[in-house]
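K.L.:
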Amino acid sequence: MWIYLLIGIITSLVLFVRRKYLFWERQRVPFIKPKFPFGNLLVNGKRVHTSQLTTYYYNELKGKKHPIGGVFFFTTPFAVVLDRELMRNVLIQDFQHFHDRGLYYNEKDDPISCHLFNIEGSYWTNLRKKLSPIFSSGKLKLMCPMVITIAERFQKCLSKSISQNQQEAEMKEWLNRFTVDVIGTCAFGIECNSLTNPEEEFRKMGVKMFHVANSRIIKFFFISLFKNLAKKVHIKSVPEDVSEFFFKVIRKTIAFREMNHVLRNDFINLSMQLMADGKLEGSDEDVGKITLNEVVAQSFVFFLAGYETSSTVMMFCLYELSLQEDIQRRARENVISAVARHGGLNYDALMDMGYLDQCVNETMRKYPPAGNLGRCVTKDYNIPNTNITLRKGLNVVIPVHGIHHDAEYYPDPERFDPERFSAEESTKRLPFTFMPFGEGPRNCIAARFGMLMAKVGVASMLMRFQFSKCSKTAVPLVISPKHASMSPEGGMWLKVKEIK
Numbered sequence: 028m029w030i031y032l033l034i035g036i037i038t039s040l041v042l043f044v045r046r047k048y049l050f051w052e053r054q055r056v057p058f059i060k061p062k063f064p065f066g067n068l069l070v071n072g073k074r075v076h077t078s079q080l081t082t083y084y085y086n087e088l089k090g091k092k093h094p095i096g097g098v099f100f101f102t103t104p105f106a107v108v109l110d111r112e113l114m115r116n117v118l119i120q121d122f123q124h125f126h127d128r129g130l131y132y133n134e135k136d137d138p139i140s141c142h143l144f145n146i147e148g149s150y151w152t153n154l155r156k157k158l159s160p161i162f163s164s165g166k167l168k169l170m171c172p173m174v175i176t177i178a179e180r181f182q183k184c185l186s187k188s189i190s191q192n193q194q195e196a197e198m199k200e201w202l203n204r205f206t207v208d209v210i211g212t213c214a215f216g217i218e219c220n221s222l223t224n225p226e227e228e229f230r231k232m233g234v235k236m237f238h239v240a241n242s243r244i245i246k247f248f249f250i251s252l253f254k255n256l257a258k259k260v261h262i263k264s265v266p267e268d269v270s271e272f273f274f275k276v277i278r279k280t281i282a283f284r285e286m287n288h289v290l291r292n293d294f295i296n297l298s299m300q301l302m303a304d305g306k307l308e309g310s311d312e313d314v315g316k317i318t319l320n321e322v323v324a325q326s327f328v329f330f331l332a333g334y335e336t337s338s339t340v341m342m343f344c345l346y347e348l349s350l351q352e353d354i355q356r357r358a359r360e361n362v363i364s365a366v367a368r369h370g371g372l373n374y375d376a377l378m379d380m381g382y383l384d385q386c387v388n389e390t391m392r393k394y395p396p397a398g399n400l401g402r403c404v405t406k407d408y409n410i411p412n413t414n415i416t417l418r419k420g421l422n423v424v425i426p427v428h429g430i431h432h433d434a435e436y437y438p439d440p441e442r443f444d445p446e447r448f449s450a451e452e453s454t455k456r457l458p459f460t461f462m463p464f465g466e467g468p469r470n471c472i473a474a475r476f477g478m479l480m481a482k483v484g485v486a487s488m489l490m491r492f493q494f495s496k497c498s499k500t501a502v503p504l505v506i507s508p509k510h511a512s513m514s515p516e517g518g519m520w521l522k523v524k525e526i527k
């Protein structure tokens with residue numbers, strides 16, 4: 028009796044999986060053959076970073092001469108966009124069909140998860156409109172002196188460290204700490220001092236959020252694939268202690284400022300203006316009030332986005348410059364001459380560092396902060412000039428890392444070459460072949476702040492230090508699959524010599 032029941036269950040499971048894996052074949056879309064139970068989540072049986080995984084998809088499917096290709100995450104189908112015109116449609120032209128990212132958030136049990144990156148529909152539209160003025164170029168310019176002050180502190184701390192450690196430094200660690208201090212000041216108005224205290228609480232929270240343990244991977248896939256069930260059983264995507272920490276910090280900061288009438292040019296102060304009046308000081312535009320929960324959630328994602336993405340851009344930039352002395356020297360000369368023209372390291376000097384811009388852009392080409400862009404079909408969509416309909420609820424992936432490493436767009440893509448972003452070459456670049464912060468209405472709202480922080484960090488380092496390989500420098504780099512953003516195995520060790 029039990030044998031027959033077991034055989035029946037196994038047979039039903041096999042038929043169910045087989046039917047799921049026929050999805051793309053029925054659609055007459057080229058696909059990579061999946062293997063149960065992981066589908067296409069492994070490359071040659073190994074786990075790799077998600078950016079490398081989708082690059083593998085892109086390279087395998089692009090030659091099929093089709094606007095999309097199919098893959099499976101476990102048994103769930105995902106469409107990989109291969110055609111640039113379709114990318115334009117997904118991200119901009121037909122945005123109403125691809126409005127959401129399809130990510131999990133839980134407003135009731137996990138309010139900190141309700142940030143701009145996750146939320147959907149009119150909720151996202153309204154909140155994005157309210158927050159956009161905070162990240163204007165004018166507000167950015169006001170925050171710049173605070174970033175530069177922390178960069179000067181960074182110079183002193185690194186100088187002291189290399190004098191005690193044979194001129195070797197693990198730059199990933201240092202740049203993470205610099206970023207934590209910048210965001211702590213610019214977003215929360217708090218002196219984190221993680222440059223002098225690596226055990227500082229903000230930094231520990233960042234490390235916890237970005238280390239992808241196996242248990243968190245399982246949880247991530249569960250809440251991604253079974254959102255409604257996850258909400259019913261009250262699953263939280265953010266660890267409880269992390270959520271409590273950020274709510275406590277924001278509440279205390281706001282209460283202190285209200286009691287003591289503290290005014291600062293930072294994210295919290297601007298958010299408090301929106302909480303109170305629904306508009307920013309000096310503006311006539313009434314965008315509507317925001318709640319405390321919304322302030323905490325946006326502060327949280329602002330911290331996460333800046334903590335890892337900006338620090339990795341700086342880290343990979345210094346790594347590439349350490350391997351190419353001529354490019355490093357030219358970048359340093361560009362920084363020093365701009366600083367001389369503008370009377371010091373300031374906002375105007377940063378905007379006048381053209382070659383440094385090229386170096387940072389080439390870094391983001393080779394190591395994009397957003398290695399993939401995910402969208403969810405929110406309304407059935409017929410792909411132009413085909414008989415294919417993408418049904419509501421289907422997940423769509425744009426493989427940014429793969430596009431950035433496509434030899435058709437970037438010859439010899441593994442070579443670091445800032446000349447790809449010279450004024451002349453930039454005019455030749457095809458649309459949707461460079462998307463480090465995404466494209467369209469759902470691009471990164473804080474992209475300009477991230478760029479500012481990266482430029483200040485790299486410029487301040489080049490002004491005072493010379494970087495080269497040391498015995499611990501990995502060439503080529505091995506990217507860890509255990510981090511949400513691209514991160515090298517074993518950290519980023521460089522030889523750092525102070526310029527006298």
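Mapping of the sequence shown onto the numbering used here: position 323 corresponds to residue 350, and the numbering continues sequentially without gaps.
Here a beta-carbon is modelled for each residue, glycine too, at the ideal position from N, C-alpha and C.
Just so you know, these numbers come straight off a predicted model, no measurement behind them.
Could you spell out where the beta strand (DSSP E) holding Q351 opens and where it closes?
P.N.:
Q351 -> no beta strand (DSSP E), and no H or E assigned at all.
K.L.:
Can you tell me which of the three DSSP states T103 falls into?
P.N.:
Correct three-state label for T103: strand.
K.L.:
Threshold first: 4 residues or longer. Then list the alpha helix (DSSP H) segments lying entirely within the stretch 229-314, N to C.
P.N.:
Taking only runs of at least 4 residues, the alpha helix (DSSP H) segments lying wholly in the stretch 229-314 are 241-252, 254-259, 267-287, 294-304.
K.L.:
Using a Cβ-Cβ cut-off of 7 Å (strictly less than) and excluding sequence neighbours within five positions of G484, which residues of its own chain qualify?
P.N.:
Around G484: A178, L202, F205, M341.
K.L.:
Is L307 near the ligand NAP, judged by its Cβ being under 7 Å from some heavy atom?
P.N.:
Although the ligand NAP was asked about, the structure shown includes no ligands whatsoever.
K.L.:
Tell me which residue opens and which closes the alpha helix (DSSP H) that K166 is part of.
P.N.:
From DSSP, the alpha helix (DSSP H) with K166 extends over 164-191.
K.L.:
Between K263, K199, L185, which has its C-alpha nearest K524's C-alpha?
P.N.:
The residue with the shortest Cα to Cα distance from K524 is L185.
K.L.:
Could you check the C-alpha separation between N1 and F100 for me, to the nearest Å?
P.N.:
Outside the shown range of the chain, which is 28 to 527, sits residue 1, and nothing can be said about it.
K.L.:
Please check the pair G467 and I161, which I expect to be a contact at CB under 8 Å, by giving their CB distance rounded to whole angstroms.
P.N.:
The pair is not a contact, with the Cβ atoms about 20 Å apart (cut-off 8 Å).
K.L.:
Mind checking who Y408 pairs with in its DSSP beta bridge?
P.N.:
DSSP, once it has assigned bridges, lists L417 as partnering Y408.
K.L.:
To the nearest angstrom, how far is it from the Cα of T336 to the Cα of L158?
P.N.:
Distance between the alpha carbons of T336 and L158: 20 Å.
K.L.:
According to DSSP, is A196 part of a helix, a strand, or is it coil?
P.N.:
Note: A196 maps to strand in three-state DSSP.
K.L.:
Any contact of the stretch 134-146 with the stretch 258-269, i.e. 3+ C-beta pairs under 8 Å?
P.N.:
Contact holds: three or more Cβ-Cβ distances are below 8 Å.
K.L.:
For P64 and Y48, what's the separation of their Cα atoms in angstroms?
P.N.:
About 11 Å.
K.L.:
For L40 and I245, I'd like the C-alpha separation in whole angstroms.
P.N.:
Distance between the alpha carbons of L40 and I245 is about 20 Å.
K.L.:
Buried or exposed: where does G420 fall if 16 or more other Cβ atoms within 10 Å of its Cβ makes it buried?
P.N.:
Exposed, by the Cβ-count rule.
K.L.:
What is the DSSP secondary structure of Q156, counted as helix, strand or coil?
P.N.:
Note that residue 156 corresponds to Lys in the displayed sequence, not to Gln. Helix at K156.
K.L.:
If you run the structure through DSSP and keep just helix, strand and coil, what is C403?
P.N.:
Correct three-state label for C403: strand.
K.L.:
Could you tell me the distance, in whole angstroms, from the CA atom of S326 to the CA atom of V174?
P.N.:
For S326 and V174, the distance between alpha carbons rounds to 17 Å.
K.L.:
Beta-carbon separation of G518 and E197 under 8 Å?
P.N.:
Cβ atoms of G518 and E197: closer than 8 Å.
K.L.:
Just to confirm, is the Cβ distance from F181 to L222 under 8 Å?
P.N.:
Contact flag set, yes.
K.L.:
From L80 to D433, what distance separates their C-alpha atoms?
P.N.:
Rounded to the nearest angstrom, the two C-alpha atoms are 15 Å apart.
K.L.:
Taking only the alpha-carbon atoms, compute the straight-line gap between I34 and R46 and give it to the nearest angstrom.
P.N.:
C-alpha separation (whole angstroms): 18 Å.
K.L.:
Just the C-alpha distance for Q123 and S149, rounded to the nearest angstrom, thanks.
P.N.:
Taking the straight line from one Cα to the other gives about 11 Å.
K.L.:
Consult DSSP for K89 and reduce its assignment to one of helix, strand or coil.
P.N.:
Correct three-state label for K89: helix.
K.L.:
Determine, using beta carbons only, whether R447 and R359 come nearer to each other than 8 Å.
P.N.:
No, the Cβ-Cβ distance between R447 and R359 is not below 8 Å.
K.L.:
Verify whether the separation of the beta carbon atoms of L383 and N414 is less than 8 Å.
P.N.:
Going by C-beta atoms, L383 is not nearer than 8 Å to N414.
K.L.:
Less than 8 Å between the C-beta atoms of M513 and G398, yes or no?
P.N.:
Going by C-beta atoms, M513 is nearer than 8 Å to G398.
K.L.:
Looking at C-alpha atoms only, which residue of K279, I506, Y394 is the closest neighbour of Y429?
P.N.:
In the sequence under discussion, the amino acid at residue 429 is Gly, which differs from the Tyr named in the question. Comparing Cα positions, the closest option is Y394.
K.L.:
From what residue to what residue does the beta strand (DSSP E) around F494 run?
P.N.:
Segment 492-495, the beta strand (DSSP E) holding F494.
K.L.:
Quick one, which of S498, L167, Q193, K199 has its alpha-carbon nearest S338's?
P.N.:
Nearest C-alpha to S338: K199.
K.L.:
When DSSP labels each residue in this structure, what does E227 get in the three-state scheme?
P.N.:
Three-state result, E227: coil.
K.L.:
I'd like the list of long-range same chain contacts for L169, defined as Cβ closer than 7 Å, with 5 residues on each side in sequence excluded.
P.N.:
The residues are N292.
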